[in-house]
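Each remark here refers to the structure printed beneath this line.
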Amino acid sequence: MRSLIDIKDLSIEEIDELIVKANDIIENPKKYAHACDGLKLATLFFEPSTRTRLSFEAAMYELGGNVLGFSEAQSSSAAKGESVSDTVKTVSCYADIIAMRHPKEGAPLVASRKASVPIINAGDGGHNHPTQTLTDLLTIHREKGRFDNLTIGFCGDLKFGRTVHSLIEAISRYKNIKVVLISPVELKLPSYIKHDVLRAHNIEYVQTTNLEEVMPTLDILYMTRVQRERFFNEDDYVRLKDSYILTPEKLVNAKEDLCIMHPLPRVNEISTEIDNDSRACYFKQVLNGKFIRMALILKLLGVE
Ligand code: NCD
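Read in order, the letters of the sequence shown correspond to residues 856 to 1159 in the numbering used here.
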């Protein structure tokens, strides 16, 4: 039984297979409409979510399966003090696969050791978010046709942004990748990721606070929200929240085929004036997220 806790749990070949499968689902949705008949996905969300939870649920419905679960810790027995281990042992009795989001880093890993069905990490604290990364990879592949030879700028909250951490981990395995880290000094990428991922893979990277200066070099700009819920005090959040706001003026020197990504939700980081720019890819990401999750569910359930 396989779980997906960290993007490294998948080899590059497996990621390629998932992308091929997701593209096939996009082309031939009817072929998959009954692939998961009689199977159930549980979504256990101990933290807020719109896209991740609903895309998992839509994915399972489109495969012919069913869905159960909860969308806030307060409505589950966690509010009575139940451990994650006991919750997933229980849910394993009702569902064939579990997608779980939790504010504590490592909770889905613990769950995967106790559950008798596959666990998918749908975001654990400020740590990882591997299915958003699959979504991002499918988007990059559909937009750019490759994973090699790309300069990717990550902008915003690189400290707490789990989608950034997982995507850096994934993209570092490809050839001739350059990473540009754009953040306020207080929200720099954690040094363990620079050390264990970027340096370990010999990835060329630069750190800066100035988005406009690096804009012309970027093939992909990955904007992120400042992660208010991970701050220790509100004053720091208020001071940092609007550090970067992407406006049409800031794109003047950008490449014509720049791909602007954002895992969403957006707060202020991208002006809505950019939504109609052909380079805006963030709503395409939303749609791709459902298809890649369909491919992932099929893989982890071993459905042909
Ligand atoms: C992200 C998350 O939850 O980490 N959202 C998502 O899953 N698409 C990004 C965020 O909350 O800022």
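The C-beta atom is built at its ideal place from N, Cα and C for all residues, glycine as well.
Treat the numbers as computed from the prediction; the structure is a model and nothing was measured.
- Here the distance from the Cβ of H984 to the nearest heavy atom of the ligand NCD is below 8 Å.
- Restricting attention to alpha helix (DSSP H) runs no shorter than 4 residues, the stretch 1064-1096 encloses them at 1066-1069, 1089-1095, ordered along the chain.
- Burial of D951 is indicated by the presence of at least 16 other C-beta atoms within 10 angstroms of its C-beta.
- Closest in C-alpha terms to K969, from the list I1100, T994, K959, S938, comes S938.
- Restricting attention to A913, E917, K944, P903, the CA atom closest to the CA of F925 is found in P903.
- The criterion of a C-beta distance shorter than 9 Å is not satisfied by N983 and S940.
- Annotation: M856 is outside any alpha helix (DSSP H) and is labelled neither H nor E by DSSP.
- CA-to-CA, the gap between I1152 and L1066 works out to about 37 Å.
- Boundaries for T1127: no beta strand (DSSP E) harbours it, and the DSSP string shows neither H nor E there.
- In the displayed model, R956 falls within a strand according to three-state DSSP.
- Excluding five sequence positions before and after V1061, the CB atoms of its chain that fall closer than 6 Å to its own CB belong to V1035, given in chain order.
- Contact holds between the stretch 966-981 and the stretch 1004-1022, because three or more Cβ pairs, one in each stretch, are under 8 Å apart.
- Counting along the chain, F1146 sits inside the alpha helix (DSSP H) bounded by residues 1137-1156.
- Under DSSP, T905 takes part in no beta bridge, so it has no partner.
- Runs of the beta strand (DSSP E) spanning 3 or more residues and lying entirely within the stretch 966-1040 occur at 974-979, 1005-1010, 1032-1037, in chain order.
- Secondary structure of A897 (DSSP, three-state): strand.
- Boundaries of the beta strand (DSSP E) around V922: 921-925.
- Taking the CA atoms as reference points, V922 sits about 16 Å from A1150.
- Residue pairing by DSSP places M1116 opposite Y1077 in a beta bridge.
- With contacts defined as CB atoms closer than 9 Å, K1145 and E869 fail to qualify as a contacting pair.
- With respect to the C-alpha of A977, the residue from N883, R906, R997, E1104 having the closest C-alpha is R906.
- Where A877 is concerned, the enclosing alpha helix (DSSP H) starts and stops at 867-882.
- Separation of T990 and G936 (C-alpha to C-alpha, rounded to the nearest whole angstrom) is 33 Å.
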